[in-house]
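Note that this note's numbering numbers the sequence shown so that position 23 is 23, with each residue one more than the last. Positions of the beta carbon are idealized from the N, C-alpha and C atoms, including for glycine.
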Amino acid sequence: MPAETLALLLGRWSVTREIDDHRTGEHARFDGTATIEEARAGSDLVATYDEAGVLVVADRRTPATRRLGYAARGDGSLDVRFADGRHFVDLDLRSGAWEAHHPCAPDAYLVETLVLSPTSFEERWTVRGPAKSYDALTTYERVAGHPATK
């Protein structure tokens with residue numbers, strides 16, 4: 001396992017996400033890429049996460065993006081932040097697995113991350129509450145030629 005979570009994450013990833021919405025009964029699939037790279041000098045972040053791809057729900061295809069920031073913690077873990085700087089979850093993959101909870105009133109998110117190998121990991125979201133009820137499984141595969149460090 002990596003000495004630091006960031007060392008594992010840096011690079012370019014192929015992303016596949018399967019989403020099952022328990023309220024609507026719909027199944028959605030996202031296919032795209034994510035790039036995790038070191039942040040610009042002067043930022044309080046150590047890295048940024050940029051995801052882009054296509055979300056398919058039934059016969060509807062929609063471009064989709066997501067941006068996150070990572071701030072370092074002294075112990076080798078990360079503070080994952082939304083694009084606007086708000087805290088999302090802590091992330092510590094040094095043991096190969098991590099579970100985090102994110103309250104988003106009125107709903108609650110359980111985010112489980114599992115390192116499968118140095119070139120792949122998965123993230124499972126379980127979201128429950130009065131407004132949302134879905135499960136999402138995201139698989140990340142490192143794109144060849146994009147190692148974990150620069």
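Residues of its chain near residue i, where Cβ-Cβ distance is below 7 Å and the 5 sequence neighbours each way are ignored
| i | result |
| --- | --- |
| Gly-129 | Pro-106, Asp-107, Ala-108 |
| His-102 | Phe-88, Val-89, Tyr-109, Val-111 |
Same chain only: Cβ atoms within 6 Å of residue i, ignoring 5 sequence neighbours per side
| i | result |
| --- | --- |
| Arg-67 | Asp-50, Ala-83 |
| Thr-126 | Leu-110, Asp-135 |
For residue i, the three-state DSSP class (helix, strand or coil)
| i | result |
| --- | --- |
| Leu-9 | helix |
| Glu-4 | coil |
| His-87 | strand |
| Arg-94 | coil |
| Pro-106 | coil |
| Arg-60 | strand |
| Leu-50 | The sequence given here places Asp at residue 50; Leu does not occur at that position. Of the three classes helix, strand and coil, the one that applies to Asp-50 here is strand, per DSSP. |
| Val-143 | coil |
| Ser-14 | strand |
| Gly-69 | strand |
| Gly-32 | strand |
| Leu-78 | strand |
According to DSSP, residues forming a beta bridge with residue i
| i | result |
| --- | --- |
| Ala-39 | In DSSP, Ala-39 forms no bridge with anything. |
| Glu-26 | According to DSSP, which records beta bridges pairwise, Glu-26 is partnered with nothing at all. |
| Arg-124 | Glu-112, Leu-137 |
| Ala-131 | Answer is none; Ala-131 lacks a bridge partner. |
Test: residue i CB closer than 8 Å to a CB of chain B
| i | result |
| --- | --- |
| Leu-93 | Given the protein chain composition of this structure (a single chain), no chain B is represented. |
Between the CA atoms of residue j and residue i - distance to the nearest angstrom
| i | j | result |
| --- | --- | --- |
| Arg-12 | Thr-35 | 4 Å |
| Ala-71 | Thr-33 | 21 Å |
| Val-143 | Arg-60 | 27 Å |
| Asp-92 | Ala-28 | 28 Å |
| Leu-78 | Thr-5 | 7 Å |
| Gly-119 | Glu-141 | First, the residue type needs correcting, since residue 119 is Thr and not Gly in the sequence shown. Each residue's alpha carbon lies about 6 Å from the other. |
Sequence-distant residues of the same chain with beta carbon closer than 8 Å to residue i, five excluded per side
| i | result |
| --- | --- |
| Lys-132 | Arg-23, Asp-107 |
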